[in-house]
Every structure is written in C-alpha cells, then in structure tokens.
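> Encoded as structure tokens, here's the structure I'll be asking about.
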DNA sequence: TAATCAAACTAACAACCGTTAGTCTGCTTC
DNA sequence: GAAGCAGACTAACGGTTGTTAGTTTGATTA
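Here's what the structure looks like:
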C-alpha cells in the first residue's frame, strides 16, 4: 500500500488509460473496463467514484506535471534554444513513461467536466510560455524571425503526437530520441 | 440537386463532421445531430442509412483524396524537397477546405467498421510513399542523413494537426501558410 | 385536380449506459 | 476465535442509445 506497490485504484486508472487510448473515453464503457480488469462493473466502484473521476485522475496530474516542469525551464538562465531542447526532452520523457495517459490527455480533454476550465487554463499558460521562449530566441538572434505562433504550433504538434509513435519503436532510448528530434525540429531536415 | 446545391444528405454529413470534431464520434448522438439540423432523430434516416454510414462518408473520401494526390506527386519528376513542399501544400489545402472532416479523419478512424481495413491500408501506403520520398532525398544529398521515419513522423505530425490550428486564424491564406510551414519544417528554426 | 415524392413527424423497440444498494468471501489483526 | 475490512459479487434502477415502422405534410409534376 506504499508507492512501490500499485493500489487497486491505480491499476484501474492505468487500465482505463490504455482502453481510452484505443477507443476514446466515450466509447469505453465501465463494463469494458471491468472486463479488462477481470471483474464486474459494479466492483469498480469500490475503488473509484465515477468514470469522470478516472478521466480527471489521468489528465490533470499530467497537465500539472507539464506546468511544473515548464516553470523550472522558464526560471533557468539558459539560452532559448537550450530551453527548447529541454522542452523536447520533457515531452519525450513523460510520453515514454505514460504513453496511454498522453493519448488520453490529447484526445479526451474535452470530456472533462468540473476540471475542464482548470485544464484549459493550464494549457493556455503552457502555450504562452512556449511562445515567450521562442520570441526571446528571435530577439536574441538564436531563432529565425518567423511567426512565433507557427513555430510553436509546428514543434508542439510533433511533441503532442509522440504517443502515437513511441509505442511502435521497441525499446526507445529517451535520450537518443530527444536528441534526434531536437536536431530535426531546430536545424530542419535539409543539408 | 446538382453539384452546386448541397443535398440534404451532404448537409447532414457536414453538420456531423462539425459535431464529431468537437466531441468525437462516440459522444455525438443521432439526437444531437438531429437537433443541430433542426429536425428529429428519426428524420435523419430518410437521408442516411446509419451513423456508421456518415463516418464512412467523411473519412474514406478524404483518405482517398490524399492517396490520389500522393500518386500524382510521386509520379512527378521533381526533386525530393519540391515533392515535400507539394505534400505540405496538399495538407494545408485540404484542411482549409474541410477542417471538420480532417479532425474526424484524425480522431475517429478507429470507429470505422467495414471500412477500417481499407482505411488502414491507404494510410500505410501513404506513409510508405512519404518515407520513400525522404529516403530518395537523403540519397540525392538534399536531405540530411537522419532516420527517415523520425523525419516523416515529425513533418506528418505537424501536418495532421493543422485542423487544430487553422480555425484559430481568421482568413487563412493557404499559399502563405504552406510556404511558411515548408520553410520551418525544411530549414528548421535556427538562424 | 390528381398523383407523386421528398422530407418531416410520432411512437416505440431492444439493447446498453453509469451507477447504487445490499450481500458474501476470505484474509489479517486483536 | 471474534472483529474488521478490502474487494469481489448479484440484482436492479432510470435514462439514453441507434434504429424501425408507419403516418402526415406540403410542394411539384402530370
């Protein structure tokens, strides 16, 4: 019952995230989830209070983790390009660690109820911090002078899609992937 | 009843795509769709045969359009980088023209039933063609010698996410966006 | 004017949804 | 051995789901 051994509730949430990734929150029934756990639907409610509660547990903790790490990166005195590399590494690391949760974060956030506003606020702040870093890089002449929003969108789209791609590679080395990805995103692909 | 005036069925499909974008296929009920059309759910069935039929109409036509255009690009005798620019322009053009459909293609393909296999085959072929172009560019020394799959993934992730971003910009000029995006994706962002 | 037809309607269906209430089982702790 | 408790169970609820059947309406055509 400590942090090493996973509680029954944590098992349910993890299994739910896996199912949500495959079919989406709405298409997964409590009976589907129960079957995947090898129990009956009603038994789930000894551990969780509602389906919505599961979604909240998956998404909010991830969104808050991104926010915490972004604040660390923001507060550092690194150059803009180095900050971007840390953001790339952050996304790779979290996605490797929790692929199913990241799929859920990306695809099912709109099904949050009480927590929807909170999530949207975190996302908005995260994206603004991202843009701020890019713009500071443009000013310091590290980054080419293009639309900062397009640059942010382009990089973030790739990072947000990592959950689709990482599970296809066997034994991903997070450091290697983050490095290659940083190179492609920052230097482009031409010679 | 010709190609200029949109049939009732086409109106339904277009409205459905809009709703599917916002909540996903599974979360949209036939009663939701009917209400958005200003009619009752049962009346929908004078025009379509099933909910699944709507999904099929949205996704398959788009997937086939991408396949057709990819074949044209593939058959051209352009250099690899120029082919990539055409692919970027293709995604921008189709997404501007049919944002809701693209959202649906990206998020709801797994809810296809009879057509799922067909869709997956088209997608697989499209991605392989994409990789082939990148690899030919590496051989011809136009593109840096990195993992072709990572390059493809990185570019395609951005292109597939366009539906999220385009509606936020008022009056998108497809040509301008495609050009800026090509520049960022190919040349990178650093100076 | 009569006939046709697209497109709406009401009513209902069986199946499935998330969730609750109450109960039983078997292990751990006093 | 009694008590407590985590974790499973059965049974059932009120509501929602996609869909069908049969009917009405109002405009167009013969």
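Chains as they are written, first to last, in UniProt numbering: chain A, 1 to 191; chain B, 1 to 191. All C-beta atoms, glycine included, are put in the ideal place defined by N, C-alpha and C. What you are looking at is a predicted structure, and each value in this text was computed from that prediction instead of being measured.
Do residue 184 of chain B and residue 136 of chain A have their CB atoms nearer than 7 Å?
Counted from its first residue, the second chain places residue 184 of chain B at position 184. Counted from its first residue, the first chain places residue 136 of chain A at position 136. Not closer than 7 Å, so no.
> When Cβ atoms are compared, which residues of the segment 93-127 of chain B fall closer than 9 Å to chain A?
107, 108, 110 and 111
> Would you kindly work out how many angstroms separate the C-alpha atoms of residue 76 of chain B and residue 179 of chain B, rounded to a whole number?
On the second chain, position 76 is the one that residue 76 of chain B refers to. On the second chain, position 179 is the one that residue 179 of chain B refers to. Each residue's Cα considered, the two are about 20 Å apart.
> Do you know whose CA, among B:23, B:87, B:144 and B:158, lies nearest residue 187 of chain A's CA?
For the purposes of this step, residue 187 of chain A is taken as residue 187 along the first chain, with counting starting at 1. For residue 187 of chain A, the nearest C-alpha among the options comes from B:144.
> Which ranges would you report for the beta strand (DSSP E) in the UniProt domain "HTH tetR-type" (6-66) of chain B if only whole runs of at least 3 residues count?
Qualifying beta strand (DSSP E) stretches: none in this window.
> Using the Cα positions of residue 190 of chain A and residue 148 of chain B, report the straight-line distance between them to the nearest angstrom.
Translated into the one-based positions of the first chain, residue 190 of chain A becomes position 190. Translated into the one-based positions of the second chain, residue 148 of chain B becomes position 148. Taking the Cα positions, residue 190 of chain A is about 12 Å away from residue 148 of chain B.
> DSSP on residue 147 of chain B, reduced to helix/strand/coil?
Against the second chain, residue 147 of chain B aligns to sequence position 147. If DSSP states are grouped into helix, strand and coil, residue 147 of chain B belongs with coil.
> Can you tell me which residues form a DSSP beta bridge with residue 190 of chain A?
The count along the first chain starts at 1 and reaches residue 190 of chain A at position 190. BP columns for residue 190 of chain A point to B:143.
> In three-state DSSP terms, what is residue 117 of chain A?
By 1-based counting over the first chain, the position of residue 117 of chain A is 117. Helix, per DSSP.
> Which residues in chain B have a C-beta closer than 7 Å to the C-beta of residue 131 of chain A? List them in chain order.
Here residue 131 of chain A is taken as the residue at index 131 of the first chain, counted from 1. Chain B residues near residue 131 of chain A: none, gap ~13 Å exceeds 7 Å.
> Which one of B:23, B:36, B:28 and B:173 has the shortest CA to CA distance from residue 11 of chain B?
Residue numbering aside, residue 11 of chain B sits at position 11 when the second chain is read from its first letter. That would be B:36, whose Cα lies nearest to the Cα of residue 11 of chain B.
> Please classify residue 119 of chain B as buried or exposed, where buried requires at least 16 neighbouring CB atoms within 10 angstroms.
One-based indexing of the second chain puts residue 119 of chain B at position 119. It counts as buried.
> Taking the straight line between their C-alpha atoms, what separation do you get for residue 142 of chain B and residue 49 of chain A?
Taking the second chain and counting its residues from 1, one reaches residue 142 of chain B at position 142. Taking the first chain and counting its residues from 1, one reaches residue 49 of chain A at position 49. Computed Cα separation, rounded: 57 Å.
> Comparing the C-beta of residue 186 of chain B with each C-beta of chain A, is any distance below 7 Å?
Here residue 186 of chain B refers to the residue found at position 186 when the second chain is read from its first residue. Chain A contact via Cβ: present.
> Could you pull out every residue in the same chain whose Cβ sits closer than 6 Å to the Cβ of residue 100 of chain A, ignoring the five residues on either side in sequence?
The sequence position of residue 100 of chain A within the first chain is 100, counting from 1. The residues are 17, 18 and 21.
> Is residue 79 of chain B helix, strand or coil when you go by DSSP?
What you label residue 79 of chain B is simply residue 79 of the second chain in a count that begins at 1. The answer is coil: DSSP assigns residue 79 of chain B none of H, G, I, E or B.
> Is residue 176 of chain B helix, strand or coil when you go by DSSP?
Position 176 of the second chain, counting from 1, holds the residue named residue 176 of chain B. Of the three classes helix, strand and coil, the one that applies to residue 176 of chain B here is helix, per DSSP.
> What's the C-alpha gap between residue 27 of chain A and residue 24 of chain B?
What you label residue 27 of chain A is simply residue 27 of the first chain in a count that begins at 1. What you label residue 24 of chain B is simply residue 24 of the second chain in a count that begins at 1. Whole-angstrom Cα-Cα distance: 9 Å.
> Could you check the C-alpha separation between residue 58 of chain A and residue 79 of chain B for me, to the nearest Å?
Indexing the first chain from 1 puts residue 58 of chain A at position 58. Indexing the second chain from 1 puts residue 79 of chain B at position 79. Residue 58 of chain A and residue 79 of chain B: Cα-Cα distance of roughly 45 Å.
> Using 8 Å as the threshold, is the segment 38-49 of chain A in touch with the segment 88-100 of chain A, meaning 3 or more CB pairs across them?
no
> Under 7 Å between C-beta atoms, does residue 153 of chain B make it to chain A?
Counting from one through the second chain, the residue named residue 153 of chain B turns up at place 153. At least one chain A Cβ lies under 7 Å of residue 153 of chain B.
> Would you say residue 144 of chain A faces chain B, with C-beta separation under 7 Å as the test?
Here residue 144 of chain A refers to the residue found at position 144 when the first chain is read from its first residue. Closer than 7 Å to some Cβ of chain B, the Cβ of residue 144 of chain A qualifies, so yes.
> For residue 71 of chain A, count neighbouring C-beta atoms within 10 Å of its own C-beta (all shown protein chains included) and say buried if the count is 16 or more, exposed if not.
On the first chain, residue 71 of chain A is found 71 positions in, with the first residue counted as 1. Burial call: exposed.
> So is residue 2 of chain B in contact with chain A if we call contact Cβ pairs under 7 Å?
Here the question's residue 2 of chain B lines up with position 2 in the second chain. Confidence at residue 2 of chain B is low in this model, with a pLDDT of 37, below 50, so the placement of that residue is unreliable and no value is reported for it.
> Under a Cβ-count criterion, where at least 16 other Cβ atoms within 10 Å of its own Cβ denotes burial, should residue 139 of chain A be classed as buried or exposed?
Position 139 of the first chain, counting from 1, holds the residue named residue 139 of chain A. So residue 139 of chain A counts as exposed.
> Near residue 2 of chain B, what residues of its chain come up, given a Cβ to Cβ distance below 6 Å and the 5 sequence neighbours on each side ignored?
Within the second chain, numbered from 1, the residue matching residue 2 of chain B stands at position 2. For residue 2 of chain B, the pLDDT reaches just 37, beneath the cut-off of 50, and the residue's location in the model is therefore unreliable, leaving the point undetermined.
> Return the residue from the list B:33, B:109 and B:150 that minimises the CA-CA distance to residue 62 of chain B.
For the purposes of this step, residue 62 of chain B is identified with residue 62 of the second chain, where counting begins at 1. When each option's Cα is compared against that of residue 62 of chain B, the closest is B:109.
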